[in-house]
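Read the structure below first, then the notes.
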Amino acid sequence: MLYSSLKYACANLKNVTFYIPKTPLGVYEVYGKRIAYTHGDTVIKTGNPGSSVNTRALEAQLNKINAALPNSEEYSVLVFGHTHCPHVVHLSNGCTIIGMVACPRPTLLL
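Numbering (our numbering), first residue to last: 1100 to 1209.
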């Protein structure tokens, strides 16, 4: 519903395009890095970052996802919502997991 409303509202903006994936995981590339995004409770189990973040579990899940992909298609960043608690976790495997909220503070990702 939100996607459709935004797409309609931006219909006259020639520099805006919308991609609505049919899967629970969307992917885009920025500066040669593949970034995956999802709602947050289907592809990866985040736990409750409001009380603690199990980085080992997050890293194991992302490693499992990346192991199923060719090296050139592995994700460097996984972005998700669902938890309603903003956080950024830099994993020891070099990947970053970002838990977003609808309107994160601009300083969150610095």
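Beta carbons: idealized from backbone N, C-alpha and C, even for Gly.
Because the structure is a prediction, the values reported are computed rather than measured.
Tell me which residues share the same chain as residue i and place their Cβ nearer than 6 Å to its Cβ, disregarding the 5 neighbours each side in the sequence.
i            : result
residue 1123 : 1137, 1141, 1142
residue 1181 : 1138, 1139, 1140
residue 1134 : 1127, 1176
residue 1147 : none
residue 1125 : 1136
Does the Cβ-Cβ distance between residue i and residue j come in under 8 Å?
i            : j            : result
residue 1168 : residue 1196 : no
In the DSSP assignment, what residue or residues form a beta bridge with residue i?
i            : result
residue 1121 : For residue 1121, which the question treats as bridged, DSSP gives no partner whatsoever.
residue 1116 : Beta-bridge pairing links residue 1116 to no other residue.
Tell me which same chain residues have a C-beta within less than 7 Å of the C-beta of residue i, skipping the five on either side of it?
i            : result
residue 1191 : 1158
Going by other Cβ atoms of all chains shown within 10 Å of its Cβ, with 16 needed for buried, is residue i buried or exposed?
i            : result
residue 1198 : buried
residue 1202 : In this prediction, residue 1202 has a pLDDT of 49, which is less than 50 and means its spatial position is unreliable; what the coordinates show is noted afterwards. Under this definition residue 1202 is an exposed residue.
residue 1107 : exposed
residue 1111 : exposed
residue 1145 : buried
Would you mind listing the beta strand (DSSP E) stretches within the segment 1112 to 1200 that are 3+ residues and don't spill past its ends, in chain order?
1124 to 1129, 1132 to 1137, 1176 to 1179, 1186 to 1189, 1195 to 1198
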